[in-house]
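Asker: Dropping a structure here in structure tokens format, bear with me for questions.
Numbering (this note's numbering), first residue to last: 41 to 590.
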């Protein structure tokens, strides 16, 4: 184990911000209470929404799967405690749109009764595929970012993974959930890292921790002990040092390609909270049911970190730290730089909820009106991704979405540094998010249009094929009838066949003209007899003429 000999690299831009972390990291993590009702969105991750596997009225146990994966990029949902499913319906969720989405609502019974479950202490006896399946079934997603399903990042395919990185930077102001996790559960983090290393067959492990987290660094160093294959490194406290690409560059000097992944350069990066969740899933057999959440800000009388059951309504959680949503001026999920406002306090805590930042009404300031861009270039100076925010802004504002992609819009991590330093107070990140959303919608519309056009073309092809087959059937039938007519004409033109047919007709005619036994001729007069004889003579003469050859 090394305490810092690794050469560090400084990424471009970034900001030195007041961290405001001491507000919430002085008290130990405490378990939050079980609310009367849990609201569990079916989509708490990137990818396809989970599909309910329970019915209304069904009793569920803690750890029971209540929604299954629907696709490769998806994650199941489990019951965080025992209770009864009372609804599967749309409810408000924590999302920038403020819209509702499908959720499973559970009335808790207070018993906290578990399903049968067991872990695998000897995880090294399991192969990588078994570990990934267990992690997938546990519903684990990235707990430090957008919630990408963890098992996918643990499947490098044929690529060799050289370095497994654990992200303990937690660079955004106010948030301290990872800091407290590292202080109090360092052993779980290191064990989870070992499991992920085994799944990836990574050659080395590196943990990056910001140099303002002294207690967390010491706890991890003690947990590592004398191990020589894990390197613990202090990184400078500079926002956004916790960004995946920024941390990789800081620790290794390697750049993740534009539109690429760390896998492309032989690396995988996970959050420390994700590592702890992997440990509990594999060794304890526990799916992801709770997470540590920072509750802080001037609107919370007792800021601290709580371990919260997923699905806990935000208003119930704030009440446990004496926060009053009715008197709160503004509520943000996440930090002040990358977080978003929560419009409904009834929305629940989800897998990606790392912080709830509540402002007192007196501290809420309306953003100043945006002024015209003065082309000062400050935004480009602080951009950690080396973009040109000013050009992105112009093209996004003009809805020139092809041009905005030419300036690498999708490399933007939406850290907010450009908006923070803009002297004209232009909400630059909002323009970038708008452009991304519009481009994604255009792509979805194009996919639908392409699918509809393909269906139409297939239909036209089918109709044309049916028309062609019908025409061919008619042609075959006409040819068959013509052939029969031709055969009949041929027979008439052949002299031999004609002679045979004439002979047959004569035989038939003779049969028809065969003599008939006369009747009632006993008492004929001489005149009548002479008349009959004349008729017979004429008939015999006619027969003789028919039989003579012409």
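For every residue, glycine included, the Cβ atom is placed at its ideal position computed from N, Cα and C. As the structure is a computational prediction, the values presented were derived from the model and not from experiment.
#1: Which one or two residues does DSSP pair with residue 249 in a beta bridge?
#2: Examine chain C for any beta-carbon lying closer than 8 Å to the beta-carbon of residue 350, and answer yes or no.
#3: Can you list, in chain order, the residues of its chain with a C-beta nearer than 7 Å to that of residue 299? Leave out the 5 residues immediately preceding and following it.
#4: Taking C-alpha atoms, which residue in 230, 263, 290, 262 lies nearest to residue 275?
#5: So, at 8 Å on beta carbons, what are the nonlocal neighbours of residue 428 in its own chain, with the 5 sequence-adjacent residues on each side left out?
#6: Is the segment 85-93 touching the segment 363-382, taking contact as three or more C-beta pairs under 8 Å?
#7: Does the segment 313-330 come close enough to the segment 375-383 to have 3 or more Cβ pairs within less than 8 Å?
#8: Please go through the same chain and pick out, in chain order, the residues whose beta-carbon is closer than 7 Å to the beta-carbon of residue 309, but skip the five residues on each side of it.
#9: For residue 469, tell me which candidate among 423, 189, 507 has the shortest Cα-Cα distance.
#10: Have a look at the DSSP bridge pairing and note the partners of residue 123.
#11: Does the beta-carbon of residue 591 have 16 or more other beta-carbons within 10 angstroms, so that it is buried, or is it exposed?
#12: Rounded C-beta distance between residue 112 and residue 211? I'm assuming under 8 Å.
#13: Is the separation between the beta-carbon of residue 116 and that of residue 109 shorter than 8 Å?
#14: How long is the line joining the alpha carbons of residue 365 and residue 394, rounded to whole angstroms?
#15: Can you list, in chain order, the stretches of the beta strand (DSSP E) that have 3 or more residues and sit fully within the segment 312-356?
#16: Specify whether the segment 158-168 and the segment 129-142 touch according to this definition: at least 3 beta carbon pairs, one from each stretch, less than 8 Å apart.
#17: Do you know how far the Cα of residue 125 is from the Cα of residue 354?
#18: Taking the alpha carbon of residue 105 as the reference point, which residue from 69, 156, 435 has its own alpha carbon closest?
#19: On the criterion of 16 or more Cβ atoms from any shown chain inside 10 Å, does residue 430 qualify as buried, or is it exposed?
#20: Considering Cα atoms alone, identify which of 158, 565, 474 is closest to residue 454.
#21: When burial is assigned at 16 or more other CB atoms within 10 Å of the CB, is residue 241 buried or exposed?
#22: Identify which residue in 293, 55, 217, 171 has its Cα closest to the Cα of residue 46.
#23: State the CB to CB distance for the pair residue 311 and residue 184, rounded to an integer number of angstroms; the pair is presumed to be in contact (CB under 8 Å).
#24: Count the other CB atoms, across all protein chains shown, that sit within 10 Å of the CB of residue 575; report buried if there are 16 or more and exposed otherwise.
#25: With DSSP as the reference, label residue 143 as helix, strand or coil.
#26: Going by other Cβ atoms of all chains shown within 10 Å of its Cβ, with 16 needed for buried, is residue 118 buried or exposed?
#27: What separation, rounded to the nearest whole angstrom, lies between the Cα atoms of residue 263 and residue 358?
#28: Here's a check: name, in chain order, each residue in its chain whose Cβ is nearer than 6 Å to the Cβ of residue 170, leaving out the five neighbours to either side.
#29: Whose C-alpha, out of 214, 348, 499, is nearest the C-alpha of residue 376?
#30: Could you check the C-alpha separation between residue 397 and residue 463 for me, to the nearest Å?
#31: Which residues in the same chain as residue 484 place their Cβ atom closer than 7 Å to its Cβ, once the five residues preceding and following it in sequence are excluded?
#32: To which residues of the same chain is residue 70 closer than 6 Å at the C-beta, ignoring the five residues directly before and after it?
#33: Measure the C-alpha to C-alpha separation of residue 336 and residue 488 and round it to an integer number of angstroms.
#34: Confirm, please, whether the CB-CB distance from residue 360 to residue 73 is below 8 Å.
#35: Mind pulling the beta strand (DSSP E) runs of 3 or more residues that sit fully within the segment 254-308?
#36: Tell me which residue opens and which closes the alpha helix (DSSP H) that residue 154 is part of.
Answerer: Looking at the coordinates:
#1: 208, 274
#2: Within the model displayed, chain C is absent; a lone protein chain is all it includes.
#3: 450
#4: 290
#5: 420, 447
#6: no
#7: no
#8: 205, 207, 284, 287, 288, 302
#9: 423
#10: 100, 148
#11: Because the chain is modelled from 41 through 590, residue 591 falls outside the range shown and cannot be assessed.
#12: The pair is not a contact, with the Cβ atoms about 31 Å apart (cut-off 8 Å).
#13: yes
#14: 18 Å
#15: 330-336, 344-349
#16: no
#17: 20 Å
#18: 156
#19: buried
#20: 474
#21: exposed
#22: 293
#23: 3 Å
#24: exposed
#25: strand
#26: buried
#27: 33 Å
#28: none
#29: 214
#30: 25 Å
#31: none
#32: 346
#33: 44 Å
#34: yes
#35: 270-275
#36: Counting along the chain, residue 154 falls outside any alpha helix (DSSP H), and DSSP gives it neither H nor E.
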